[in-house]
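Engineer: I'd like to ask some things about the structure below.
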Amino acid sequence: MYKKIFVLGLGCLLITGVAETALASGNHLPVVIQKPAEPKDLIGRWDITVDEDGKPVPSWLEVKLSGYSTLVGYFVAASGSARPVAEVKFDKGKFKFEIPPQWEKGTQNFTIEGELTGSGIQGTLINSEGKKYSWKGVKAPYLKRTAAPVWGKAIDLFNGKDLSGWKATGKNQWEVKNGILTSPKPGSNLITEQKFNDFKLHVEFKYPKGGNSGVYLRGRYETQIEDSPKDAHPNSVLFGGIYGFLTANEMATLGPDQWQAYDITLVGRMVTVIANGKTIISNQEIPGITGGALDSNEGEPGSIYLQGDHQPIEFRKIVITPAK
C-alpha cells in the first residue's frame, strides 16, 4: 500500500511540475520540440505537380544516397527524359539542385529549391527561360500487387470507323481513313475517355522515315515509337524503350513504312514489352512518370494516350485487356 501511495504521489508531483512550466510560459500545453528534417527523409521517389500560372504540370524526382553522405538523383520535367542530378545539396530541411535544359527553350539551368513538410515536399522551380513556379510533391506509391492479375474481357479501343471513345488534347488533327487511325501532321495527342489500372495492351502502328511517336500507359509512362536504326545500340529513348528509364534488350524495329506491333503488360509498376514478337523488356519496374505525362497521380487509373505532336503516325488495331 505504501508503495502505491508513493508512486501516485510522485506522478502527481510530475504532472504538477509540467503544468506549472506550461503556465509559466503562457501556454496551456507543454511545448513539443519538432525533430529537424534529415537528408535521409528526402531519399525516395516523389510525384510532383508544378503550378504554371494555374495550370498543373506533372513532374517527378528521385533522390538516392551515393556513398556515405552525398545525395544524387533523377528529375523529370514537363517534357523530355529523366535527367541525372549530380548532387542534391541539403541543409536544415531545405534542398537545392540544378539540371541543364534538354528540349526546352532557353539556355539557363533549371534551378529547383525545396523543403520537407509534414505532408511531403514543396518549393520553387526556375526554368531555362528564367520563369519561376511553385510546386508540391508527395511520396510516390510503390504500386506493389499482392496477387497475380485475373484478366477480364478484351476491349477494342479503336473501332476502325471513327474517334469514338477518344478525345484530342487540343485542336484535333486525327482522322480515320480506310480503317486506319492517322495523325497526318504534328498536332494534338489523343487519349482514351476510359481509364485503366493494370492491363495487357496490343497496338499496331506504322511510321514514316524519321517518324517519332509513343504510346503512354495510364497516360504517364511512354513506350517509345521511333524510326531508330536497326543497328543502333539500344537506348531508353529509342524504339521500344520506356522513355528515359528502361532500355530494350535489342532493336526489334522493322523500320519505317512497315506495320509493327507492341504487346505490353503493365501490372503496378512492372512492365513487359514484346515488340514484333520479341520480348525486349521483361517484367521491369518503371521508376516514375516520363516527360509528357498527363499527370503525376501514379496511384490512380489512367488513359491510354497516343502521341501526335511529332511526325505523322498511323494505328490500325488497339486492343486492351484490363485486369478485373
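The sequence shown begins at -5 in this note's numbering and counts up one residue at a time. For glycine and all other residues, C-beta sits at the position ideal for the given N, C-alpha and C.
1. For residue 201 and residue 262, I'd like the C-alpha separation in whole angstroms.
2. Spatial neighbours of residue 313 within its chain, please: CB distance less than 6 Å, with the 5 preceding and 5 following residues excluded, ordered by chain position.
3. Report yes if the C-beta distance between residue 275 and residue 244 is below 8 Å; otherwise report no.
4. In this structure, does DSSP put residue 15 in helix, strand or coil?
5. Could you name the residues that DSSP lists as bridge partners for residue 150?
6. Following the continuous beta strand (DSSP E) through residue 105, name the residue where it begins and the one where it ends.
7. Might you give, ordered along the chain, the residues of its own chain that have their beta carbon closer than 7 Å to the beta carbon of residue 166, omitting 5 neighbours on each side?
8. Here's the rule: buried if 16 or more other CB atoms are within 10 angstroms of the residue's CB, otherwise exposed. What is residue 49?
9. Could you check where the beta strand (DSSP E) with residue 255 kicks off and where it finishes?
10. Could you compute how far the alpha carbon of residue 305 sits from the alpha carbon of residue 187?
11. Go ahead and label residue 254 buried or exposed: buried means 16 or more other beta carbons lie within 10 angstroms of its beta carbon, across all protein chains shown.
12. Please classify residue 52: does DSSP put it in a helix, a strand, or coil?
13. For the beta strand (DSSP E) containing residue 162, list its first residue and its last residue.
14. Please report the Cβ distance between residue 36 and residue 84, rounded to the nearest whole angstrom; I am assuming they are in contact, meaning their Cβ atoms lie under 8 Å.
15. Whose C-beta lies closer than 7 Å to the C-beta of residue 79 among residues of the same chain, with five residues either side of it excluded?
16. Can you give me the C-alpha to C-alpha distance between residue 107 and residue 121, rounded to a whole angstrom?
17. What do you get for residue 41, buried or exposed, if any count of 16 or more other CB atoms within 10 angstroms of its CB means buried?
18. Residue 323: which of 89, 77, 217 and 82 sits nearest, CA to CA?
19. Assess contact between the segment 166 to 179 and the segment 232 to 246, defined as three or more Cβ pairs (one per stretch) separated by less than 8 Å. Is contact present?
20. Under a Cβ-count criterion, where at least 16 other Cβ atoms within 10 Å of its own Cβ denotes burial, should residue 142 be classed as buried or exposed?
21. Would you say residue 129 and residue 43 are within 8 Å of each other, going by their C-beta atoms?
22. For residue 287, which of 293, 299, 264 and 277 has the nearest alpha-carbon?
23. Take the Cβ of residue 316 as the centre, count every other Cβ of all protein chains shown within 10 Å, and call the residue buried at 16 or more, exposed below.
24. According to the neighbour-count rule (16 or more other Cβ atoms, all chains shown, within 10 Å of its Cβ), is residue 301 buried or exposed?
25. Would you mind giving the Cβ-Cβ distance between residue 38 and residue 57, rounded to the nearest angstrom? I have them listed as a contact below 8 Å.
26. Helix, strand or coil for residue 138, going by three-state DSSP, please let me know.
27. Can you tell me whether residue 101 is buried or exposed? The criterion is at least 16 other CB atoms within 10 Å of its CB, across all chains shown.
28. Just to confirm before moving on: does the CB-CB distance between residue 164 and residue 296 stay below 8 Å?
29. Between the alpha carbons of residue 137 and residue 250, how many angstroms are there, rounded?
30. Using only CA atoms, which one of 144, 73 and 54 lies nearest to residue 260?
31. Going by DSSP in three states, residue 90 sits in which element: helix, strand or coil?
32. Please report how far the alpha carbon of residue 169 lies from the alpha carbon of residue 133, in whole angstroms.
Structural biologist: This is what the structure holds:
1. Here the question's residue 201 lines up with position 207 in the sequence shown. Here the question's residue 262 lines up with position 268 in the sequence shown. Each residue's alpha carbon lies about 29 Å from the other.
2. As a working note, residue 313 is residue 319 in the sequence shown. The answer, listed in chain order, is 148, 150 and 196.
3. Translated into the one-based positions of the sequence shown, residue 275 becomes position 281. Translated into the one-based positions of the sequence shown, residue 244 becomes position 250. Result no, Cβ atoms of residue 275 and residue 244 do not sit closer than 8 Å.
4. One-based indexing of the sequence shown puts residue 15 at position 21. Caution is warranted here: a pLDDT of 45 is assigned to residue 15, below 50, making its placement in the model unreliable, and the coordinate value is therefore given only provisionally. In the structure shown, the three-state DSSP call for residue 15 is helix.
5. Here residue 150 refers to the residue found at position 156 of the sequence shown. According to DSSP, residue 150 bridges with 313.
6. Locating residue 105 in the sequence shown gives position 111, counting from the first residue. Note, residue 105: beta strand (DSSP E), 104 to 110.
7. Along the sequence shown, one-based indexing puts residue 166 at 172. If we look at residue 166 and ignore the five residues flanking it on each side, its Cβ neighbours are 182.
8. Your numbering for residue 49 matches position 55 in the sequence shown. It is exposed - the Cβ of residue 49 has fewer than 16 other Cβ atoms within 10 Å.
9. Along the sequence shown, read from residue 1 onward, the residue named residue 255 stands at position 261. Its beta strand (DSSP E) spans residues 254 to 261.
10. Translated into the one-based positions of the sequence shown, residue 305 becomes position 311. Translated into the one-based positions of the sequence shown, residue 187 becomes position 193. For residue 305 and residue 187, the distance between alpha carbons rounds to 24 Å.
11. Stepping through the sequence shown from its first residue, residue 254 is reached at position 260. So residue 254 counts as buried.
12. Position 58 of the sequence shown holds residue 52. If DSSP states are grouped into helix, strand and coil, residue 52 belongs with the strands.
13. As a working mapping, residue 162 is identified with position 168 in the sequence shown. Here the beta strand (DSSP E) through residue 162 covers 160 to 162.
14. To locate residue 36, count along the sequence shown from 1; it is residue 42. To locate residue 84, count along the sequence shown from 1; it is residue 90. Contact holds; Cβ gap of about 6 Å.
15. Residue mapping note: residue 79 aligns to position 85 of the sequence shown, counting from 1. These residues qualify, in order along the chain: 66, 67, 68, 69, 91 and 93.
16. One-based indexing of the sequence shown puts residue 107 at position 113. One-based indexing of the sequence shown puts residue 121 at position 127. Whole-angstrom Cα-Cα distance: 12 Å.
17. Working through the sequence shown from its first residue, we reach residue 41 at position 47. The residue is buried, with at least 16 neighbouring Cβ atoms inside 10 Å.
18. No statement about residue 323 is possible, as the shown extent of the chain runs from -5 to 318 and does not include it.
19. no
20. As a first step, residue 142 must be located in the sequence shown, where it is residue number 148. Result: exposed.
21. On the sequence shown, residue 129 is found 135 positions in, with the first residue counted as 1. On the sequence shown, residue 43 is found 49 positions in, with the first residue counted as 1. Contact flag set, yes.
22. Here the question's residue 287 lines up with position 293 in the sequence shown. Closest option to residue 287, Cα to Cα, is 299.
23. Within the sequence shown, the letter at position 322 stands for residue 316. Buried is the call here.
24. Along the sequence shown, one-based indexing puts residue 301 at 307. Classification of residue 301: buried, given that the 10 Å Cβ count is 16 or more.
25. In the sequence shown, counting from the first residue as 1, residue 38 sits at position 44. In the sequence shown, counting from the first residue as 1, residue 57 sits at position 63. Indeed they touch by this definition, with Cβ atoms about 6 Å apart.
26. Locating residue 138 in the sequence shown gives position 144, counting from the first residue. It is coil, neither helix nor strand.
27. Walking along the sequence shown from the start, residue 101 turns up at place 107. With fewer than 16 Cβ atoms within 10 Å of its Cβ, residue 101 is classed as exposed.
28. Along the sequence shown, one-based indexing puts residue 164 at 170. Along the sequence shown, one-based indexing puts residue 296 at 302. No, the pair does not count as a contact, with Cβ atoms beyond the cut-off.
29. Counted from its first residue, the sequence shown places residue 137 at position 143. Counted from its first residue, the sequence shown places residue 250 at position 256. Cα-Cα distance, rounded: 36 Å.
30. Against the sequence shown, residue 260 aligns to sequence position 266. It is 144.
31. Within the sequence shown, the letter at position 96 stands for residue 90. In this structure, residue 90 counts as strand in the three-state DSSP scheme.
32. On the sequence shown, position 175 is the one that residue 169 refers to. On the sequence shown, position 139 is the one that residue 133 refers to. Note on geometry: alpha-carbon atoms of residue 169 and residue 133 lie some 40 Å from one another.
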